[in-house]
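Novice: Protein chains in written order, with the numbering used here: chain A, 1 to 480; chain B, 1001 to 1446.
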Amino acid sequence: MAPTERIRDLAEQEYKYGFVTDIEAEAAPPGLNEDIIRLISAKKKEPEFMLEWRLKAYRHWLTMTEPQWANVRHPPINYQDIVYYSAPKTQKQPKSLNEVDPLLLATYRKLGIPLREQEVLAGVAVDAVFDSVSVATTFKEQLAKQGIIFCAFSEAVQQHPDLVHKHLGTVVPYSDNFFAALNTAVFSDGSFCYIPKGVRCPMELSTYFRINAPFIGQFERTLIIAEEDSYVSYLEGCTAPMRSEHQLHAAVVELRAHDRAQIRYATVQNWYPGDSAGQGGIYNFVTKRGACLGVDSKISWTQVEVGSAITWKYPSVILQGNNSIGEFYSVALTTHRQQADTGTKMIHLGRNTKSTIVSKGISTGFAQNTYRGLVKILKKASGCRNYTQCHSLLLGNRCGAHTFPSIDVQNASSQVEHEASTTRIGEDQIFYCRQRGLSAEDAVSLIVNGFCHDVFQQLPMEFAVEAQKLLNVRLEGTVG
Amino acid sequence: MNDILPATDLYRAELLQFERDVGGSAPVWVQQLRQAAMARFTEMGFPTTQEEAWRHTSVASLSERPFPLARHRCAIPKTELEPVTSWMGAGCRLVFVNGLFSPLLSSLLPLPHGMSAGSLAGALGGESGLLESHLGRYARIENHPFVSLNTAFLSDGAIVCIPPDTVIEEPLNVLFVSRPNGRATMSHPRTVIVAGPNSRATIVESYLGLPEDLYLTNAVTEVVLAENAVLDHYVLQQESSAAFHFLTLAVHQDRHSTFTSHSLATGGALARSEIHCELADEGITCILRGVGAVAGRQHLDMQTQIDHAKTHGTSQQLYKGILGGHASGVFNGKILVRQDAQKTDARQTNNNLLLSEDAVIHTKPQLEIFADDVKCAHGATVGRLDEEAVFYLRSRGIGVETARSLMTYAFGSETINLVTNEVIRDRLAELLAQWIAQTCGRSFSL
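1) Can you tell me the Cα-Cα spacing of Glu141 (chain A) and Pro202 (chain A), whole angstroms?
2) Compare the Cα-Cα distances from Glu1414 (chain B) to each of B:Asn1350, B:Tyr1392, B:Ser1395 and report the closest residue.
3) Name the residue from A:Ser392, A:Val268, A:Val186 whose alpha carbon lies nearest to the alpha carbon of Ser206 (chain A).
4) Closer than 8 Å, CB to CB, is Cys452 (chain A) near chain B or not?
5) Leaving out five residues on either side along the sequence, give the residues of the same chain with a beta carbon under 8 Å from the beta carbon of Phe215 (chain A).
6) Is the distance from the Cβ of Pro1365 (chain B) to the Cβ of Gln1342 (chain B) below 8 Å?
7) Tell me the rounded alpha-carbon separation between Met461 (chain A) and His60 (chain A).
8) Does any residue of chain B have a CB that is nearer than 8 Å to the CB of Val171 (chain A)?
9) When the cut-off is 8 Å and only beta carbons count, does Ala1243 (chain B) lie next to chain A?
10) Have a look at the DSSP bridge pairing and note the partners of Tyr301 (chain A).
11) So for Asn1150 (chain B), helix, strand or coil by DSSP?
12) State whether the region 392-406 of chain A contacts the region 368-383 of chain A, with contact taken as three or more CB pairs (one from each stretch) at a distance under 8 Å.
13) Could you check if Val409 (chain A) is buried or exposed, using at least 16 other CB atoms within 10 Å of its CB as the buried criterion?
14) What does a CB cutoff of less than 6 Å around Glu489 (chain A) pick up in its chain, not counting 5 residues either side in sequence?
15) Just verifying my parser: in three-state terms, what is the DSSP assignment at Cys433 (chain A)?
16) His60 (chain A) versus chain B: which residues are under 8 Å apart at the beta carbon?
17) Listed from N- to C-terminal order along the chain, which residues in the region 1343-1357 of chain B have their beta-carbon within a distance smaller than 8 Å of any beta-carbon of chain A?
18) If I measure Cβ to Cβ from Arg1179 (chain B) and keep anything under 8 Å in the same chain, skipping five residues before and after, which residues do I get?
19) What is the residue span of the alpha helix (DSSP H) that Met1407 (chain B) lies within?
20) What residues of chain B sit near Asp341 (chain A), judged by a beta carbon separation below 9 Å?
21) Run through DSSP, which three-state label would Ser134 (chain A) get?
22) Cα separation between Phe1259 (chain B) and Thr1314 (chain B)?
23) Use the C-beta contact count for Trp1087 (chain B): other C-beta atoms within 10 angstroms, 16 or more gives buried, fewer gives exposed.
24) So, with DSSP's three-state summary, where would you put Gln1339 (chain B)?
25) Which residues, in order along the region 431-457 of chain A, keep a beta-carbon less than 7 Å from a beta-carbon of chain B?
26) Using a Cβ distance threshold of 8 Å, determine whether the region 1412-1430 of chain B contacts the region 433-449 of chain A, with at least three qualifying pairs required.
27) For the region 302-314 of chain A and the region 322-342 of chain A, state whether three or more C-beta atom pairs, one from each stretch, are separated by less than 8 Å.
28) Report yes or no: is there a C-beta of chain A within less than 8 Å of the C-beta of Arg1384 (chain B)?
29) Kindly list the residues whose CB is nearer than 8 Å to the CB of Lys379 (chain A), restricted to its own chain and excluding five residues on each side of it in sequence; keep chain order.
30) Near Ser1206 (chain B), what residues of its chain come up, given a Cβ to Cβ distance below 6 Å and the 5 sequence neighbours on each side ignored?
31) List, in chain order, every chain A residue whose beta-carbon is nearer than 7 Å to that of Gln1298 (chain B).
32) For Ala70 (chain A) and Trp312 (chain A), what's the separation of their Cα atoms in angstroms?
33) Please list, in chain order, the chain A residues whose beta carbon lies closer than 8 Å to that of Pro1365 (chain B).
34) Jot down the residue ranges of each uninterrupted beta strand (DSSP E) in the region 1291-1377 of chain B, minimum 3 residues, whole runs only, in chain order.
35) Give the straight-line distance between the Cα atoms of Ser132 (chain A) and Val186 (chain A), rounded to the nearest whole angstrom.
36) Could you round the C-beta distance between Phe1246 (chain B) and Phe1146 (chain B) to whole angstroms and report it? I think they count as a contact, below 8 Å.
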């Protein structure tokens, strides 16, 4: 059947954004030891406390073993084969976009991120991370007027060491887990964001990550602090070039929301997923955690995960302040031989705290998609409420969808609801759409977008559009 | 691992003694099975809370205290069992005291037409060809320490065979009574139920003990259903509130068979029941329902695992947990749908009611799905009684305790109301009402 073939072509189409920009990189030799960490710290001109903290994390990491519990399979990672530091060889820090290497700008254009246009039209401040060094930061002045600090992490360490020292590692300690420890030891850059008391950030903050030099593991560190009564919406998006070597990406994101503060964190993740045979692709092992420290604070995670050979992340919320709210909205799409083990943790410590989890998993080809979640309500956290729904859609008979929720409730006044289902797109649904003149792949696209609607609604406008496009490109037409 | 080794040594010593006592009399294949099981148990030891399946259930207290094997038959006057058997009527029953068959207390006449039922010890002494083809085949010793321990001490239990094309209306009762005589003992009853093609039967397993008695019951039941067989299986677990109770129910189902399991669990200081169902062929139906009601410092763990291997399988699970006092509960339900199990319809529901601020529940429903044309869903809830509904009842002149009791009963009886056998349904309802009356301090009439 012709449509089926077309659908197969679409489903098996190769990664659109796979290209390598040829910029000379200044890289450290592969391998990990204390000297490399000292080198990274020195290159970044970091204060003494950072180096100490990194070394502490490294020494702790040496005592840890790689976790095995996740529902993913991959050959063992040799941590001594990875290059832990590389920086594009553009010597001086650019002051405006005009000073930025035109090749870099071209890369962004290929990715569909016209910095200039965004600056003028979209009103988005972009902190673009190219490999490990921040290249351009826009709109900083406008933000600075309100007292908002939004800059590259390496800059924050130098300009605001007190803030960094005070908050870094308080949500995800260096000893938290294997990959968080590794990140702490070797992270080279990332984003730092500070919203002062009573300030509502006037624009969506966003950052784009991109892995460029071959054999590079990128280790970002993001820290967002929202002081009392503040609000910030932060976007993170990424695509990566095509590569046959497996690449490790172990980021750490920490969010801190004080009294009545609100943080919205949205991610569109489109790292290179490997080819249809499962060769190459990024290993995305991320620790993301937010702490609702104050009363009535709110943290909301939204993620659209379509890339990476292996995704392994659980954006979590620690609901410490009374009446605080945690939310998690996720779409995870796995195709070919991709594996995703993702979900969330909601730890209810404060009274009357609420959490909502909405997870949508879509699996096609030979992919495996796992939801793993924990809702924990401690004894003193009375009157808590959790609502969880995780739905899976299977397209094809060689893929898998798995659900491993864990619910711990230690008092009677809390109410927890969990529901999950797994289905495929019904023949009759497709037939209904086709009858009305939609092609098979449009029908699938329509149904899948409808399936993900609850999550896309949570995304800021421009991301919602991008996310829908991504799904349409990557997923259309796996009609069963 | 240091805290485990002495414990397994302890059990090994007990096993050596057991072998000296009865070892030689069993057929060679049974002896080999026991030895393999003990070797496996020694290798594994008791599970620790580091293992995911045992994360919330600690059996550390088992390795601290020796439980010698109950060796001697203990005579209980028939009248003493009267209160717990009267509901069964004159029907036939198999009674085991401390894991050993008690012919005096049992009544096997008249056995329903065609059915054969008796003690495992007796069967092992005679022609054991049928047993050899089933025993140890479904409850595997490889990765379950309590199954391997049970198998290592394998000596007695019930064996029930329902011949092909036979319909038996009358339920068969199997009672396991524990009566430790001054010292804490253990028993390892093993039950084998073989349902022939096109047969239909009902079997009720009851686990009983006196309140405050300390003992360990580690039971394993293996059920095999041939083509088109229909089996209703009940477990009434009313162990002593100080006892340790482990029950592993391993079910193997063949084409178009229907297995229904109902359980009511109120006993045990630490009680864990596991049901493993293997839906090995097409068109199989598997229905699991249970209510667990615990209070005080009790810990109740309910585990289910349904393995859909072939097409057109249906499974339904409904589990209710009622937790009062400082009780803790665990529910862990796993549905596995293999690649060839297209058109599977699997549903699972777990509702938990917390009656006190100090009760704790851990629930973990799991779906593992490798086929696409399936309908799978699970739901889990945790909550307390609806205060508005309590108010509604109070506004109509019903006292607060009675109102709460009524609502608790209504919550728990949802599964019981689905029981088709009237006599058993009434008994289950009575037991639940009794438990509520004891816990909530207010009885009510059904």
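Here a beta-carbon is modelled for each residue, glycine too, at the ideal position from N, C-alpha and C. Just so you know, these numbers come straight off a predicted model, no measurement behind them.
Specialist: Working from what's here:
1) To locate residue 141 (chain A), count along the first sequence from 1; it is residue 141. To locate residue 202 (chain A), count along the first sequence from 1; it is residue 202. The alpha-carbon atoms of Glu141 (chain A) and Pro202 (chain A) are separated by roughly 13 Å.
2) In the second sequence, the residue the question calls residue 1414 (chain B) occupies position 414. Checking every option, the nearest Cα to that of Glu1414 (chain B) belongs to B:Asn1350.
3) Position 206 of the first sequence, counted from the start, is the residue given in the question as residue 206 (chain A). Nearest C-alpha to Ser206 (chain A): A:Val268.
4) Position 452 of the first sequence holds residue 452 (chain A). Answer no: the Cβ-Cβ gap between Cys452 (chain A) and chain B never drops below 8 Å.
5) As a first step, residue 215 (chain A) must be located in the first sequence, where it is residue number 215. Confidence in Phe215 (chain A) is poor, its pLDDT being 38 and thus under 50, which makes the residue's placement too unreliable to answer from.
6) In the second sequence, the residue the question calls residue 1365 (chain B) occupies position 365. In the second sequence, the residue the question calls residue 1342 (chain B) occupies position 342. Against a cut-off of 8 Å, the Cβ pair of Gln1342 (chain B) and Pro1365 (chain B) comes out as no contact.
7) As a position in the first sequence, residue 461 (chain A) is number 461, starting the count at 1. As a position in the first sequence, residue 60 (chain A) is number 60, starting the count at 1. The straight-line gap from Cα to Cα measures roughly 42 Å.
8) On the first sequence, residue 171 (chain A) is found 171 positions in, with the first residue counted as 1. No, Val171 (chain A) does not count as interfacial toward chain B.
9) Numbered from its first residue, the second sequence carries residue 1243 (chain B) at position 243. Judged by the 8 Å Cβ criterion, Ala1243 (chain B) is not in contact with chain A.
10) Position 301 of the first sequence, counted from the start, is the residue given in the question as residue 301 (chain A). This sequence places Trp at residue 301 (chain A); Tyr is not what is there. A:Tyr265, A:Phe328.
11) Here residue 1150 (chain B) refers to the residue found at position 150 of the second sequence. Three-state result, Asn1150 (chain B): helix.
12) yes
13) For the purposes of this step, residue 409 (chain A) is taken as the residue at position 409 of the first sequence. Its Cβ being crowded by 16 or more others within 10 Å, Val409 (chain A) is buried.
14) This structure does not reach residue 489 (chain A), given that chain A is present from 1 up to 480, and the question cannot be answered.
15) To locate residue 433 (chain A), count along the first sequence from 1; it is residue 433. Three-state result, Cys433 (chain A): helix.
16) The residue you call residue 60 (chain A) lines up with position 60 of the first sequence. Under the 8 Å cutoff, chain B gives no residues; its nearest Cβ is about 20 Å from His60 (chain A).
17) Asn1352, Leu1354, Leu1355, Ser1356, Glu1357
18) On the second sequence, residue 1179 (chain B) is found 179 positions in, with the first residue counted as 1. Excluding sequence neighbours, Arg1179 (chain B) sits near Cys1074, Ile1076, Val1097, Asn1098, Gly1209, Leu1210, Asp1213.
19) For this step, residue 1407 (chain B) is matched to residue 407 along the second sequence. Per DSSP, Met1407 (chain B) belongs to the alpha helix (DSSP H) from 1400-1416.
20) In the first sequence, residue 341 (chain A) corresponds to position 341, counting from 1. By Cβ distance, chain B contributes nothing, its closest Cβ being about 13 Å from Asp341 (chain A), past 9 Å.
21) Translated into positions along the first sequence, residue 134 (chain A) becomes position 134. The pLDDT assigned to Ser134 (chain A) is 44, lower than 50, so where the model puts this residue is not dependable, and the model offers no usable value.
22) On the second sequence, residue 1259 (chain B) is found 259 positions in, with the first residue counted as 1. On the second sequence, residue 1314 (chain B) is found 314 positions in, with the first residue counted as 1. Spanning the two alpha carbons is a distance of roughly 11 Å.
23) Along the second sequence, read from residue 1 onward, the residue named residue 1087 (chain B) stands at position 87. It is exposed - the Cβ of Trp1087 (chain B) has fewer than 16 other Cβ atoms within 10 Å.
24) Taking the first residue of the second sequence as position 1, residue 1339 (chain B) is located at position 339. It is coil, neither helix nor strand.
25) none
26) no
27) yes
28) Residue mapping note: residue 1384 (chain B) aligns to position 384 of the second sequence, counting from 1. Closer than 8 Å to some Cβ of chain A, the Cβ of Arg1384 (chain B) qualifies, so yes.
29) What you label residue 379 (chain A) is simply residue 379 of the first sequence in a count that begins at 1. Closer than 8 Å at the Cβ level, and outside the excluded window around Lys379 (chain A), lie Gln410, Asn411.
30) In the second sequence, counting from the first residue as 1, residue 1206 (chain B) sits at position 206. If we look at Ser1206 (chain B) and ignore the five residues flanking it on each side, its Cβ neighbours are Leu1175, Leu1236.
31) Here residue 1298 (chain B) is taken as the residue at index 298 of the second sequence, counted from 1. The premise fails here: Gln1298 (chain B) is roughly 16 Å from chain A at the closest Cβ pair, so nothing lies under 7 Å.
32) Numbered from its first residue, the first sequence carries residue 70 (chain A) at position 70. Numbered from its first residue, the first sequence carries residue 312 (chain A) at position 312. Computed Cα separation, rounded: 8 Å.
33) Indexing the second sequence from 1 puts residue 1365 (chain B) at position 365. Correct list: Thr403, Pro405, His418, Ala420.
34) 1299-1308, 1314-1323, 1328-1337, 1345-1354, 1360-1369
35) Taking the first sequence and counting its residues from 1, the one referred to as residue 132 (chain A) is at position 132. Taking the first sequence and counting its residues from 1, the one referred to as residue 186 (chain A) is at position 186. For Ser132 (chain A), the pLDDT reaches just 41, beneath the cut-off of 50, and the residue's location in the model is therefore unreliable, although a value from the coordinates is still provided. Cα to Cα, Ser132 (chain A) sits roughly 11 Å from Val186 (chain A).
36) By one-based count along the second sequence, residue 1246 (chain B) stands at place 246. By one-based count along the second sequence, residue 1146 (chain B) stands at place 146. With 8 Å as the limit, Phe1246 (chain B) and Phe1146 (chain B) qualify as a contact, their Cβ atoms being about 5 Å apart.
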